[in-house]
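Numbering (full-length UniProt numbering), first residue to last: 1 to 159.
Report on the structure given below.
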């Protein structure tokens with residue numbers, strides 16, 4: 001597949017979608033002085049090229065009583081168990097992010113919980129997975145920065 005080239009209109013469309021994924025194509029079209037059909041076609045092409053892989057929903061976890069965040073480093077008995085362990089981790093909905101890492105941990109996870117008791121239960125679920133040697137947990141006192149928009153804007157401005 002040939003590399004997809006973004007032009008200035010594509011950049012402007014993406015900039016608006018980054019700020020608000022729910023913005024109607026008609027609003028984008030009005031701001032850019034193009035037709036809504038053009039916006040639709042361009043977004044569809046960017047989706048087909050894999051540049052846009054969907055949109056996301058941002059929740060206020062505090063209002064939903066899931067404001068407790070912890071990071072769990074997972075040590076494996078053997079690195080050959082990584083795929084199996086990740087499949088089991090994927091079955092725990094409270095684990096929102098998992099990375100295969102180098103260094104101290106084999107896998108590094110982010111969990112969301114209601115409170116410390118709930119976090120303990122989640123960590124025990126991780127510990128109980130066959131192949132997990134042990135875990136090490138760090139509690140987040142505050143999520144001070146969680147902003148992918150700045151990076152996305154920077155990437156598109158560099159293109």
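Backbone N, C-alpha and C fix where the C-beta goes; we use that ideal spot for every residue, glycine too.
Practice task
Have a look at 40, 19 and 14 and flag the residue whose alpha-carbon is nearest the alpha-carbon of residue 26.
Solution key: Just measuring C-alpha positions, the residue of 40, 19 and 14 sitting nearest residue 26 is 40.
Exercise for the section: Kindly give me the distance between the Cβ atoms of residue 114 and residue 66, rounded to whole angstroms, as I take these residues to be in contact under 8 Å. Expected result: Their Cβ separation, rounded to whole angstroms, is 6 Å, which keeps residue 114 and residue 66 in contact under 8 Å.
Exercise for the section: Using the DSSP secondary-structure output, state which residues sit across from residue 118 in a beta bridge. Expected result: According to DSSP, which records beta bridges pairwise, residue 118 is partnered with nothing at all.
Exercise for the section: Output the distance between the C-alpha atoms of residue 157 and residue 11, rounded to the nearest integer angstrom. Expected result: Straight across, the Cα-Cα distance linking residue 157 with residue 11 is about 8 Å.
Handout entry: Within the stretch 82-114, ranges of the alpha helix (DSSP H) (whole runs, at least 4 residues)
Key = Taking 4 residues as the shortest admissible run, the stretch 82-114 contains the following complete alpha helix (DSSP H) segments, listed from N- to C-terminal end: 82-89.
Practice task
Consult DSSP for residue 1 and reduce its assignment to one of helix, strand or coil.
Solution key: The pLDDT assigned to residue 1 is 46, lower than 50, so where the model puts this residue is not dependable; a value taken from the coordinates is nonetheless given after this. DSSP places residue 1 in coil when its eight states are reduced to three.
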